[in-house]
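In my numbering, the protein residues as written are 64 to 424. Where a beta carbon is used, it is the ideal one built from N, C-alpha and C, also for glycine. A quick note: this is a predicted structure, and the numbers were derived from the prediction, not measured. Notes follow the structure.
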Amino acid sequence: MKEKLFILLLILPASLFAQKGASTENIFIITLDGLRWQELFYGADSLLVDDSGYVEEPEKLVGEFWHSDYKVRREKLMPFFWNTIARQGQLHGNRKYDSKVDCTNKMWFSYPGYNEILCGFADDERINSNDKKLNPNVTVLEYLNKRKEYAGKVSAFGSWDVFPFIINEERSGIPVNAGFEKAEKDLTERERFLNKIQDEIRGPWGGVRLDVFTHHYAMEDLKKNKPRVLYIAYGETDDFAHDGEYDQYLRSARQTDAYIQELWDFAQSEEQYKGKTTFIITTDHGRGTKPKETWKHHGTSIHNAGQIWVAVIGPDTPAMGEVRQSGQYYLNQVAKTAAAFLGEDYSGQKQAGEVMSSMFK
Ligand SMILES: [Zn+2]
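Given below as structure tokens:
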């Protein structure tokens, strides 16, 4: 009798939490660095799409991305978001309907944003630069990796070389492939090829690789190691924006949308993932709108650069589509929400923002 009671007590709390995300067994957190909500919900910006100051071949870009109807325009830019997530999942952050998502950190740049996403709280005292400093805070990835069910089944990929510090690779024990790092151990043929061409195709930036490498390294890991918790941080959108290349910013957004589609399609074709995987997709910060050249920038001095968006799709999420009602979510709610989908309680991190309740049936 005593043994039975003991077993019951062990099972009970887990099953209570499990009601949160009844079907989700795997969680993918995906970020697009500094992609504005304005492009996500309204497509190419009329002020920028044909501005030769920001665009190399305006006519060509207009042909690719412009349409007078914003619904067509946004679908040209991000077809997976508008054909699939908008039908099966949720998109929060269209401020024209008063659906708001904001950073709680006041920095409005990357490390503070990713700390907030992954840890569930802002830490403006300590996380106030993009320097390669080991994160003193524990991410939800690390929290899960320390639990028996997920140990060794958490992977992270990023284009920016600061992610090993944000995720605190050594302390967390999570393999983080970021910057220009190569795949290691039991290499597939594709990984060997990626390792080779990553040396050959350096891309325009010092600390950020092109997303094609981040994506395909992640795909290989997905096939090979079948992680239950996967984090992918795409970076190009932000870097092309800083460079003032609006054409490349749009093309990167469209390509990243296609990458997320590829991840989703792969998940639907695999026993471990099909009908059991939730994607939470967001960004670390917004960018400026007025004056128009501030689209290139973000940070405290850029008006409204803390305005962001969040999308979700998975078996436990009601298909609300584009949310057209008043509401407020914050970036600090992502971590606890991600854990809740897995039936895990993240309230040990006391400062963490609450679960985004509309995302659960
Ligand atoms: Zn930036």
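Non-local beta-carbon contacts of Asp347 in its own chain, meaning distances under 7 Å to residues more than five positions away in sequence, involve Thr94, Asp96, Gly97, Ser173, Gly176, Tyr177, Ile180 in chain order. DSSP places Trp129 in the coil class of the three-state scheme, outside both helix and strand. The closest CA to that of Gln396, considering only Arg255, Lys287, Val375, is found on Val375.
CA-to-CA, the gap between Glu299 and Gly84 works out to about 32 Å. For Ser222, DSSP assigns no beta-bridge partner whatsoever. Beta-bridge annotation (DSSP): Val292 is paired with Ile90, Val217.
For His155, the three-state secondary structure derived from DSSP is strand. Cα atoms of Ala149 and Thr400: separation of roughly 19 Å, rounded to the nearest angstrom. Rounded to whole angstroms, the Cβ separation of Gly242 and Gly270 is 6 Å, and the two are in contact under 8 Å. The residue from Trp145, Lys169, His155 with its alpha-carbon nearest to that of Ile365 is Lys169. Runs of the beta strand (DSSP E) spanning 3 or more residues and lying entirely within the segment 156 to 208 occur at 162 to 165, in chain order.
The C-beta of Gln153 has 16 or more other C-beta atoms within 10 Å across all chains shown, which makes the residue buried. Listed in chain order, the non-local C-beta contacts of Leu273 below 6 Å within the same chain comprise Gly266, local neighbours out to five positions each way being set aside. Exclusion of Phe303 from the 7 Å shell around ligand 1 follows from its C-beta lying no nearer than that to any non-hydrogen atom of the ligand.
The beta carbon of Lys337 is closer than 7 Å to those of Ala330, Gln331 in its chain, skipping five residues each way along the sequence. Taking 8 Å as the cut-off, the Cβ atoms of Arg350 and Ser162 do not count as close.
Using a cutoff of 7 Å, the CB of His361 counts as near ligand 1, since one of the ligand's heavy atoms is closer than that.
Distance from the Cα of Val125 is smallest, within the candidate group Glu325, Ile371, Asp113, for Asp113.
With a cut-off of 7 Å, the C-beta of Ser315 is classified as distant from ligand 1, since no heavy atom of the ligand falls inside that distance. The C-alpha of Lys134 is placed about 24 Å away from the C-alpha of Glu120. When Cβ pairs closer than 8 Å are counted between the two stretches, the segment 191 to 209 is seen to touch the segment 232 to 248, the count reaching three or more. Using a 10 angstroms sphere on the CB of Gln101, the tally of other CB atoms reaches 16 or more, which defines it as buried. Taking each of Leu103, Glu122, Asn89, Ile92 in turn and checking the Cα distance to Arg317, the smallest one comes out for Leu103.
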